[in-house]
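Numbering (the working numbering), first residue to last: 27 to 135.
Cβ atoms here follow ideal geometry from the backbone N, Cα and C, with glycine treated the same way.
Structure record follows, encoded as structure tokens.
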């Protein structure tokens, strides 16, 4: 979302919080300390009240972890809130810049 210009601080200024409401994780391989991992997050689904992200982590071509995370949009009263048309259009737009790495972002454990 950051590459679409949406930081979490911006969501809050617009009256939204975006908590995790569901996570599904599948572990395929263990990782070791100092492994350099490629972490890729893809926006899978955008609805008026939630969005779904899919994440994968791997060193090189070996998949270690795959997860899906559902985030809800809630307001200051902590009830589900539909996002406005401008935020929806931004979420559905293309990312502003390419990922730092061809396959996603790099991180070291």
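With 16 other Cβ atoms within 10 Å as the buried cut-off, status of residue i
| i | result |
| --- | --- |
| residue 109 | buried |
| residue 51 | exposed |
| residue 83 | buried |
| residue 104 | exposed |
| residue 38 | exposed |
| residue 34 | exposed |
| residue 77 | buried |
Unbroken beta strand (DSSP E) run spanning residue i, endpoints
| i | result |
| --- | --- |
| residue 98 | 91–98 |
Continuous alpha helix (DSSP H) stretch holding residue i: start and end
| i | result |
| --- | --- |
| residue 38 | 34–39 |
| residue 113 | 111–118 |
Whole-Å CB distance - residue i paired with residue j, under 8 angstroms assumed
| i | j | result |
| --- | --- | --- |
| residue 55 | residue 97 | Incorrect: roughly 27 angstroms between the Cβ atoms, too far for contact. |
| residue 53 | residue 107 | The Cβ separation is near 33 angstroms, so there is no contact. |
| residue 85 | residue 59 | So it is not a contact: roughly 13 angstroms between Cβ atoms. |
| residue 32 | residue 95 | Incorrect: roughly 16 angstroms between the Cβ atoms, too far for contact. |
Per DSSP, cross-strand counterpart(s) of residue i
| i | result |
| --- | --- |
| residue 102 | DSSP lists no partner for residue 102. |
| residue 48 | 96 |
| residue 53 | 91 |
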